[in-house]
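Heads up: the sequence shown is residues 673 to 1169, going by the working numbering. I have placed the structure first, in the form of structure tokens, so that the comments after it can refer back to it.
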Amino acid sequence: MELRALLLLLLCFPGLQVQIHGTEEMRSEGSNLYIQCPYTALTSHQQQKAWCRLRNGQCEPLVEIKEYSHSNWVTKGRVALKDNPIQRTVSVTMTNLQAEDSGTYFCAYYHYGYHSLKMISLIVFKELHKWELDSVSVQCLPSTLGYSMGTKVWCRREDETLCRFIARTDYPSTQLNSQALEDRTLIQDDTQKRTVTITMQKLQAEDSGMYWCALYKWSYPTWLMEVRLSVSKRTQQYRAKESGDVSVQCPYSVPDYRAVSKAWCKEGAGKACTVLVTTNNLKPSEYHGTPQHDRVRIQDDMEQGIVTVTMERLQAQDSGVYWCALYEHTHLFRMLEVTLNVSEVLAGTTLSGPVGTSQATPSGNSPAPSSNVNTFILLAGVMSILFLLALISSVTLYVRRCKQLKRAAHSKGNREEEDTYEKPGDTAQPDSYEQLESPKDDSKDLKYVTLNFQSRLSPEDPLYCNVELSEAHRKPKDENVEYAIIAFKQLPTNDKG
673 MELRALLLLL LCFPGLQVQI HGTEEMRSEG SNLYIQCPYT ALTSHQQQKA
723 WCRLRNGQCE PLVEIKEYSH SNWVTKGRVA LKDNPIQRTV SVTMTNLQAE
773 DSGTYFCAYY HYGYHSLKMI SLIVFKELHK WELDSVSVQC LPSTLGYSMG
823 TKVWCRREDE TLCRFIARTD YPSTQLNSQA LEDRTLIQDD TQKRTVTITM
873 QKLQAEDSGM YWCALYKWSY PTWLMEVRLS VSKRTQQYRA KESGDVSVQC
923 PYSVPDYRAV SKAWCKEGAG KACTVLVTTN NLKPSEYHGT PQHDRVRIQD
973 DMEQGIVTVT MERLQAQDSG VYWCALYEHT HLFRMLEVTL NVSEVLAGTT
1023 LSGPVGTSQA TPSGNSPAPS SNVNTFILLA GVMSILFLLA LISSVTLYVR
1073 RCKQLKRAAH SKGNREEEDT YEKPGDTAQP DSYEQLESPK DDSKDLKYVT
1123 LNFQSRLSPE DPLYCNVELS EAHRKPKDEN VEYAIIAFKQ LPTNDKG
């Protein structure tokens, strides 16, 4: 009774913070549940055991063990039950859980009625992923329920103890021209098909969260399921230069939003978005005070479902976050979020491409690196290799040339010596000569004599050279012979020679 009273307070007074005692089991769709319910010695193993779902404050048995079974599981559908009297526990398994399995369950024994051994609150959540401006439809009451009377509610779970009402069947919501989630949510109760359908329209990223569907009958709520909704924004990023232009295209669903006005706005402090231009040609009063005044154009192609926004003569202060949005009765519903970065042009910088244009790149679709950069890197590598090869070749040729010149010089010197001793030449009578001094030591250094000729002699005239420096009369065997190398200079010839 305490749990029932607390759940009743939670639904009737959604702002009331209460603490629910009991075990809460969270599972995702398709997973399994396994629990054990102990019982005391006062509970006979021969008593009937059951796994119940709480319906209208009563036990609705899903599986029962009417006779003692020590080792076998009793199975019915996706639920199995086993009683172990030795360990005094009742084991329960539920497989392939679905969102509609959410609810209150308990292990029970029968003694003039079912009595709870252990109660749990099972939450099997359904995960839904949507984009902004999409709609979502959820059926939260299965057709297998044996009843359909009562109030059905749809609430948003703020925390563990607070669930804020979004829609309920006893207070039918009407579509209002508002951004409030309550005004964009419809709840429909089909008593014949025993289904309740929840529809949320014009979803925004702020609508992401956890939602509950519950049945409220006879002052007692029955949780049916939980939905975890994730709404993603469509985003793009653009880069442009000052004085350039940028063009943005925003697609939308033609059947849903063809007749709805669209707007282009800039996000400011507190996430408020200032409208700059609309497709209905109604410019807001604050538009004329914006820096983008008369520099923004918007066009709606209602056949293809594309809104095109063009910003001209961009300035650095135009950088920021913009929205393409539906514009209904001064309320904005974001279609596309655009981040624009306008960079300043330095003095002397020349913009590439046509003047006043800027290419935009959506986020997540960055183009591949330019082939020009790859070509430049390849050419630089090839040129470096060719330069090294040329340098090595030049050094090799230089070394070879030096060796050739050295060998040529050496060969020329040998030929000159041979010409000096072997080639007959003109003889000359020395006019003077220098006598070498006797060496003061026994070294064998060469002595050189310089001869100066005054006139040219005839070939018949003898040429003498005295190489003896000391004694004239010495026996040949005892003489030390010294040599002199004599080189003749080319003298001027007469008319005859």
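The C-beta atom is built at its ideal place from N, Cα and C for all residues, glycine as well.
What does DSSP give as the partner residue(s) for residue i in the beta ladder?
i	result
S763	Q708, K754
K738	According to DSSP, K738 bridges with nothing at all.
M882	R829, R900
R1006	A997
S774	Partner(s): none; S774 has no beta bridge.
E696	S793
W895	A886
T867	D862
L800	L901
Y843	R840
Check whether the Cβ atoms of residue i and residue j sit closer than 8 Å, and answer yes or no.
i	j	result
L705	T765	yes
L789	E697	no
C812	V868	yes
Y888	C937	no
Y910	L1008	no
M897	V796	yes
I970	K934	yes
Y711	V762	yes
R663	K905	Lying before the first or after the last residue shown, residue 663 is absent from the chain, which here runs from 673 to 1169.
G1053	L986	no
L901	L998	no
I870	V810	yes
V903	L875	yes
A941	V1014	no
W895	S991	no
Are there 16 or more other CB atoms within 10 angstroms of the CB of residue i, so buried, or fewer, so exposed?
i	result
P1096	Its pLDDT being 46, under 50, P1096 is placed unreliably in this model, and the coordinates cannot settle the point.
E1106	Low per-residue confidence applies at E1106: pLDDT is 42, beneath 50, and the placement is therefore not dependable, though the value from the model is reported in the following sentence. Classification for E1106: exposed.
F1059	exposed
Q759	exposed
W884	buried
L769	buried
K865	exposed
E772	buried
R1079	exposed
P1041	Note that P1041 has pLDDT 37, beneath the 50 cutoff, so the model's placement of it is unreliable and the number below is only indicative. Burial call: exposed.
A886	buried
K754	buried
Q976	exposed
A722	buried
I1049	exposed
Looking only at C-alpha atoms, which of the options sits nearest to residue i?
i	options	result
R856	T867, A839, D862	A839
Y1170	E701, M1055, K738	Because the chain is modelled from 673 through 1169, residue 1170 falls outside the range shown and cannot be assessed.
E939	R1072, C835, L1004	L1004
A877	N744, L805, L1063, P927	L805
T823	D755, T841, N952	T841
W807	R836, L834, L853, F778	In the sequence on display, residue 807 carries Ser and not Trp. Of R836, L834, L853, F778, the residue nearest in Cα terms is L853.
E914	D862, Q989, V947	Q989
K802	Q976, V899, E1016, A1062	V899
T695	I859, A1081, C779	C779
A931	K943, W895, M974, V968	M974
N952	K943, M983, H1001, L1050	H1001
Quiz item: In chain order, which continuous runs of the beta strand (DSSP E) of length 3 or greater are located wholly inside the region 936-996?
Solution: 945-950, 968-973, 978-983
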